[in-house]
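Participant:
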């Protein structure tokens, strides 16, 4: 995925509509969270198993909401000057330290929520 | 960004921890939305202007939450078999039709929410 | 529940801390959504059955996040001048019309997401 | 607000539609978060000042989304057996200790996000 090209396209889309003034990080984070809400709406009454076997309408909806989240995420990163590759690398290192294999094996529960 | 390589890494991270059974689309969508909630928490009391001028602690938090959202989004797309590039292309086409420049200029409000 | 008394307490809590300027509807809606994200974080890796049998740490977390959502919801309603009882009555009437028993029986899927 | 009467009504609404099996805490938390997403969607492009001066369409939308969040919150509390009054009292006590007036005055930023 060419993130920079996508960011360029999204910036043009906004500039053409004079939307730059709306697209500050606060508002973009809100828009991203609203789309995340629409994404979970697709899955909220489905069983975990059924969420792996969507019908065509559910699948179409999931694809479009995933795209919406990604669009706002990429736009937000652009406005903040965040390097997505670097941020993901840092976070994955943190996760590896926070969830060592021997402790996390078969248990996704946060340490402070366990019995 | 090499999405497939990232998906491969995330799949290995999960497999090593025996987390595959937790990582169905329903649960991943929830995890994504939870991270989106943590992302907006960074911005909720900031003015729109201040959201463009984060201090270092806020910026660090924003970067890590953006990474979390992206990680779960990429993982979710993998589990659903969604092609992110294609989904974004479809959604941008829909947006271009839904928000024609002449109508959307300077106004981000949905048509049904305008005066 | 005495909503007005709670709104009065929350207004005093904010006034004492000079937080009124942060507590506009936009920011309060963000704070509510951030707390909703923390609430789903409690449940994201649990099975549906296990979500009915929380351990004490999970239960404590759920109670506090539910309280947080309610606090921001009541505060938001106050700032907007929304009558919660009236709003709920209107919405329940809409739901009764949208989901007639004969069509909705055993099926919570939105009409446009069915096979 | 008569929470118990509302919970009774919501339980009847679900039972008539054979929706009890969908209404476990995991799914209800998701539904609540989805509605919180729709609520922030009302405010995402509005300035903080404009969020206090909604037009009639925005206000109607905000009222209905607030009602939706409250409905799912009350239903979730019922399914978990959470006493909302008690939970709010506990949380407000925690907040009073976490944000003492002298430290929080005019500053809503979390201690770990300050300069």
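Protein chains in written order, with this note's numbering: chain A, 473 to 587; chain B, 473 to 587; chain C, 473 to 587; chain D, 473 to 587.
Backbone N, C-alpha and C define an ideal beta-carbon position, used for all residues, glycine too.
Keep in mind that this is a model prediction, so the values were computed, not measured.
For a cutoff of 8 Å on Cβ pairs, would you count residue 485(D) as touching chain F?
Facilitator: Of the protein chains in this structure, namely A, B, C and D, none is chain F.
Participant: Would you please verify whether the beta carbon of residue 587(C) is less than 8 Å from any beta carbon of chain D?
Facilitator: Answer no: the Cβ-Cβ gap between residue 587(C) and chain D never drops below 8 Å.
Participant: Looking at residue 536(A): is its Cβ nearer than 8 Å to the Cβ of residue 549(B)?
Facilitator: No, the Cβ-Cβ distance between residue 536(A) and residue 549(B) is not below 8 Å.
Participant: Which of the three DSSP states is assigned to residue 511(B) in this structure?
Facilitator: Residue 511(B): helix per DSSP, three-state reduction.
Participant: Would you call residue 589(B) buried or exposed, if buried means 16 or more other Cβ atoms sit within 10 Å of its Cβ?
Facilitator: There is simply no residue 589(B) to check, as chain B begins at 473 and stops at 587 in what is shown.
Participant: Which of the three DSSP states, helix, strand or coil, is assigned to residue 454(D)?
Facilitator: This structure does not reach residue 454(D), given that chain D is present from 473 up to 587, and the question cannot be answered.
Participant: Mapping DSSP to helix, strand and coil, what is residue 474(C)?
Facilitator: Note: residue 474(C) maps to coil in three-state DSSP.
Participant: Roughly how many whole angstroms lie between the Cα atoms of residue 511(B) and residue 533(B)?
Facilitator: Going by the C-alpha atoms only, they are around 8 Å apart.
Participant: Would you report the Cα separation of residue 474(B) and residue 546(C), rounded to the nearest angstrom?
Facilitator: Their backbone Cα atoms lie some 45 Å apart in a straight line.
Participant: Terminal residues of the continuous alpha helix (DSSP H) containing residue 571(D)?
Facilitator: Element bounds for residue 571(D): n/a, residue is neither H nor E.
Participant: Under a CB-based cut-off of 8 Å, is residue 529(D) close to chain C?
Facilitator: Not one chain C Cβ lies under 8 Å of residue 529(D).
Participant: With a floor of 3 residues, list each beta strand (DSSP E) that falls wholly inside the region 514-582 of chain A, ordered by position along the chain.
Facilitator: Correct list: empty.
Participant: Which residues in chain D have a C-beta closer than 7 Å to the C-beta of residue 580(B)? List them in chain order.
Facilitator: Result: 517.
Participant: Can you list the residues of chain C that residue 533(A) reaches, using a CB-CB cut of under 8 Å?
Facilitator: Within chain C, the residues near residue 533(A) are 585.
Participant: Since residue 505(A) meets chain C, which of its residues come closer than 7 Å, beta carbon to beta carbon?
Facilitator: Chain C residues near residue 505(A): 505.
Participant: Step through the CB atoms of chain A and report whether any lies within less than 8 Å of the CB of residue 569(B).
Facilitator: So, not an interface residue.
Participant: Below 7 Å, is the gap between the Cβ of residue 490(A) and the nearest heavy atom of the ligand ADP?
Facilitator: The ligand ADP is not part of this structure, which contains no ligands at all.
Participant: State the CB to CB distance for the pair residue 503(A) and residue 516(D), rounded to an integer number of angstroms; the pair is presumed to be in contact (CB under 8 Å).
Facilitator: At roughly 5 Å, the Cβ-Cβ gap stays under 8 Å, so residue 503(A) and residue 516(D) are in contact.
Participant: Chain B partners of residue 499(C), CB-CB under 8 Å?
Facilitator: Simply 516 and 517.
Participant: Please list, in chain order, all residues of the same chain as residue 497(B) whose beta carbon is under 7 Å from its beta carbon, the five residues on each side excluded.
Facilitator: Cβ within range, chain order: 548, 551 and 552.
Participant: Is residue 578(D) buried or exposed, if buried means 16 or more other CB atoms sit within 10 Å of its CB?
Facilitator: Exposed: under 16 other Cβ atoms inside 10 Å.
Participant: Using a threshold of 8 Å, state whether the C-beta atoms of residue 527(B) and residue 584(D) are closer than that.
Facilitator: Result no, Cβ atoms of residue 527(B) and residue 584(D) do not sit closer than 8 Å.
Participant: Beta-carbon separation of residue 509(C) and residue 568(B) under 8 Å?
Facilitator: No. Outside cutoff.
Participant: Taking Cβ positions only, does residue 520(D) come closer than 8 Å to chain C?
Facilitator: Yes, residue 520(D) lies at the interface with chain C (some Cβ there is under 8 Å from its Cβ).
Participant: Could you compute how far the alpha carbon of residue 539(D) sits from the alpha carbon of residue 531(D)?
Facilitator: Cα to Cα, the separation comes out at about 12 Å.
Participant: Applying the criterion that 16 or more other CB atoms from any shown protein chain within 10 Å of the CB defines a buried residue, is residue 554(A) buried or exposed?
Facilitator: Under this definition residue 554(A) is a buried residue.
Participant: At a CB-CB cut-off below 7 Å, which residues of chain D make contact with residue 488(C)?
Facilitator: The contacting residues are 573.
Participant: Nearest chain A C-beta to residue 508(D) closer than 8 Å, yes or no?
Facilitator: So yes, residue 508(D) belongs to the interface.
Participant: Run through chain A and tell me which residues come within less than 8 Å of residue 512(D), C-beta to C-beta.
Facilitator: Correct list: 502, 505, 506 and 509.
Participant: For chain A, check one thing: does any of its Cβ atoms lie closer than 8 Å to the Cβ of residue 550(B)?
Facilitator: Closer than 8 Å: no.
Participant: Look at the Cβ atom of residue 543(B), then the Cβ atom of residue 563(A), and state whether they are nearer than 8 Å.
Facilitator: Against a cut-off of 8 Å, the Cβ pair of residue 563(A) and residue 543(B) comes out as a contact.
Participant: With distances taken Cα to Cα, identify the nearest neighbour of residue 500(B) among 514(B), 541(B), 520(B) and 477(B).
Facilitator: When each option's Cα is compared against that of residue 500(B), the closest is 541(B).
Participant: From residue 485(D) to residue 575(C), what does the alpha carbon distance come to, in whole angstroms?
Facilitator: Whole-angstrom Cα-Cα distance: 13 Å.
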